[in-house]
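Just so we're aligned: 39 in numbering that gives the first Met the number 0 is position 40 of the sequence shown, and the numbers increase by one with no gaps anywhere.
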Amino acid sequence: MGQCLNKIRLQYNFRLRERIEAYEQVKAPLMGAYSDLETKAEAYPLTCSVSKSAIYGEPWKISKDGVAKKRSSYEQQSADLPNLKTERPWYKTIPSQPLQQMLRQLDDAFQRFFSGQSDFPKPKRRGKLRSFTYPPGACKFKDNKIKLPGFGWMKFYQSRPFPDGFAFRKVTVSKKADGYHISVCLEDATVPATPQPNDVETAVGVDVGIKKLASLSNGKLVANPRFYKRQERKRNRLNRAASRKQKGSNKRRKAYERIARLEQKVANQREDYQWKIAHKLVRYDLVVFEALNIKNMMKRCKPKFDEEKQRYVKNGQAAKSGLNKAIADASWYSLRQKVRVLAERYGVLVHEINPRHTSQECSACKYVSPKNRDGEKFVRFVCSK
Numbered sequence: 000m001g002q003c004l005n006k007i008r009l010q011y012n013f014r015l016r017e018r019i020e021a022y023e024q025v026k027a028p029l030m031g032a033y034s035d036l037e038t039k040a041e042a043y044p045l046t047c048s049v050s051k052s053a054i055y056g057e058p059w060k061i062s063k064d065g066v067a068k069k070r071s072s073y074e075q076q077s078a079d080l081p082n083l084k085t086e087r088p089w090y091k092t093i094p095s096q097p098l099q100q101m102l103r104q105l106d107d108a109f110q111r112f113f114s115g116q117s118d119f120p121k122p123k124r125r126g127k128l129r130s131f132t133y134p135p136g137a138c139k140f141k142d143n144k145i146k147l148p149g150f151g152w153m154k155f156y157q158s159r160p161f162p163d164g165f166a167f168r169k170v171t172v173s174k175k176a177d178g179y180h181i182s183v184c185l186e187d188a189t190v191p192a193t194p195q196p197n198d199v200e201t202a203v204g205v206d207v208g209i210k211k212l213a214s215l216s217n218g219k220l221v222a223n224p225r226f227y228k229r230q231e232r233k234r235n236r237l238n239r240a241a242s243r244k245q246k247g248s249n250k251r252r253k254a255y256e257r258i259a260r261l262e263q264k265v266a267n268q269r270e271d272y273q274w275k276i277a278h279k280l281v282r283y284d285l286v287v288f289e290a291l292n293i294k295n296m297m298k299r300c301k302p303k304f305d306e307e308k309q310r311y312v313k314n315g316q317a318a319k320s321g322l323n324k325a326i327a328d329a330s331w332y333s334l335r336q337k338v339r340v341l342a343e344r345y346g347v348l349v350h351e352i353n354p355r356h357t358s359q360e361c362s363a364c365k366y367v368s369p370k371n372r373d374g375e376k377f378v379r380f381v382c383s384k
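Right under this line is the structure:
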């Protein structure tokens, strides 16, 4: 599986470079010789790109009804996989389904870039690509065994049984600090419809924070365990021990593996805790969050330059770094995403509002004042209602 991950990563970078070269060819076509397909004779210089999607491959396909259609970027690169295994025979040792799914992931990355949802796709460094995927129907299950194409039958620990009536979809194999994990995507056609605003009977507002993970509108508080901060002392000790080891040695590698297992433990604790909180929140018909821009909240402070002293002065970034760690440890966005996943399953409505003055505005008279806020409690400063 380690060799499979390494070969898929190399192929991802190769296909990415191919798409980039095709993209550059459209912007600035390279001059070259054009030849007739029948006579092979040079006709005139090439002044335009042959294909916008790939630098090779047949750009057209014949559909079942005999109509010629243009291939997509994914289809052009996928049709070249047999040639890949001929030119590089070592790719025959890994299953073909993960290679095809890798091309889909690359195509999705470009689609998100063109739609403005993410940045331009970047090459995967060693250790960054740590999973591969099988399409629906490729894997088989029998008791506590799974059959992965290219690897055969193997035992696995099943965290919970598969619900009845669910259809098996894609299977993802991931490499983590304590071994390999598989995640099975299930499909349920009996998902309830999302209720309309007129059908809402119970609602809850969620105000996320640092001292308390969330303050609910019904007066309840959700504690923030701060799993990352709990292990900070042990993490620093392991980092100092790893830095003393000789570079490239097995002891240094094992030391960093212990750090990775500690980080995975923290992630597992946070995931388990947030799923439990999310299950409690979706008991209401409507869950309201603040539309916080967490990325801007964790931005670095702008540098301050003193014109008199002609040097940079303190800008508060050292103090803000502790706040950024606390925000990352709380993982507000992850909690909100988990609530959205469960809301779709149970037919719950999730809404986000503008966070401006939400902690200072009185719900009765709409009076806004900083004095309405006393720590984590709301105090009506002027309102007589």
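Glycine included, each C-beta is placed from N, C-alpha and C at the ideal position.
- Boundaries of the beta strand (DSSP E) around residue 152: 151 to 154.
- A distance below 8 Å separates the beta carbons of residue 276 and residue 221.
- Here the alpha carbons of residue 98 and residue 73 stand approximately 12 Å from one another.
- Around the beta carbon of residue 331, a 10 Å sphere encloses 16 or more other beta carbons of the protein chains shown; the residue is thus reported as buried.
- Here residue 68 is exposed: its Cβ has fewer than 16 other Cβ atoms, across all protein chains shown, within 10 Å.
- Around the beta carbon of residue 115, fewer than 16 other beta carbons sit within 10 angstroms, so the residue counts as exposed.
- Per the coordinates, the alpha-carbon of residue 288 lies some 31 Å from the alpha-carbon of residue 120.
- Within the same chain, 265, 268, 269, 272 and 328 come within 8 Å of residue 226 by CB-CB distance, once the 5 residues on both sides are set aside.
- Taking the CA atoms as reference points, residue 214 sits about 35 Å from residue 173.
- Counting along the chain, residue 206 sits inside the beta strand (DSSP E) bounded by residues 202 to 207.
- If one requires a minimum length of 4 residues, the alpha helix (DSSP H) runs lying completely within the stretch 43 to 118 are 72 to 78, 80 to 86 and 95 to 113, in chain order.
- If you draw a straight line from the Cα of residue 14 to the Cα of residue 134, it is about 20 Å long.
- A direct Cα-to-Cα measurement between residue 93 and residue 314 gives close to 53 Å.
- Going by DSSP, residue 328 is part of the alpha helix (DSSP H) stretching over 316 to 329.
- Residue 278 is positioned such that its CB atom lies closer than 8 Å to that of residue 341.
- Of the candidates 177, 189 and 145, the residue whose Cα lies closest to the Cα of residue 163 is 189.
- The beta-carbon separation of residue 348 and residue 199, rounded to 6 Å, stays under the 8 Å limit for a contact.
- Between residue 285 and residue 176, the beta carbon gap of about 39 Å keeps them out of contact (Cβ cut-off 8 Å).
- In this structure, residue 141 keeps its C-beta atom at 8 Å or more from the C-beta atom of residue 154.
- Residues 206 and 289 of the same chain have their beta carbon placed closer than 8 Å to that of residue 357, with the five preceding and five following residues left out of the count.
- Less than 8 Å separates the beta-carbon of residue 257 from that of residue 237.
- By the criterion of at least three beta-carbon pairs nearer than 8 Å, the stretch 359 to 370 is not in contact with the stretch 292 to 310.
- The alpha carbon of residue 187 has as its nearest neighbour, out of 196, 168, 197 and 179, the alpha carbon of 168.
- Per the C-alpha coordinates, the member of 235, 274 and 246 positioned closest to residue 259 is 235.
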